[in-house]
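J.: Quick note on my numbering: the first sequence kicks off at 1451 and runs consecutively.
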Amino acid sequence: MVNKVMTNSEKVYEIVESIPRGKVLTYGILAELVGITNPRVVGNILHSNPYEDSVHCHRVVNAQGGLAPAFAFGGAEKQKEKLLKEGATFRGEFVLLEKCLWDVDAV
DNA sequence: GCTATGACCTAAT
DNA sequence: AATTAGGCCATAG
């Protein structure tokens, strides 16, 4: 069968674009969702961000629930403010994954 | 087509 | 507690 193969990156974009407001996802989970065994790829894919017009990379966080050490959105603090306005819950500089972790399996 | 790098994660030191 | 090392895969030059 010659099923059209969708690259994992495409899936990443799809998922990230599908992240609802006030929810966040971790690189590790996102990686597993797309079938990648390595979270680094997710970060790299998002770094390329060819869909920055639609993909909200700021809704993707690390396993700690915090943003990257040098997020290129204008500052992690700015990022926090944005997520806060979206309805996400933060604990200090880390988002409460227990509350804001997007349940992909539920969707 | 190959090499180098990377927005991560985990464990160990 | 912080830093180093290893692992692994995709994107870019």
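All C-beta atoms in this analysis are idealised placements derived from N, C-alpha and C, irrespective of residue type, glycine included.
#1: Per DSSP, what kind of secondary structure is V1462 in: helix, strand or coil?
#2: Since A1481 and P1489 are thought to touch, with beta carbons under 8 angstroms apart, how far apart are those beta carbons, to the nearest angstrom?
#3: If you draw a straight line from the C-alpha of V1510 to the C-alpha of D1503, how long is it?
#4: Once you ignore the five residues that flank G1516 on each side, which residues in its own chain have a CB closer than 6 angstroms to its CB?
#5: Would you mind sorting K1528 into buried or exposed? The rule is 16 or more other CB atoms within 10 Å of its CB.
T.: In short, the structure shows the following:
#1: DSSP places V1462 in helix when its eight states are reduced to three.
#2: 4 angstroms
#3: 15 angstroms
#4: So the qualifying residues of the chain are E1543 and F1544.
#5: exposed
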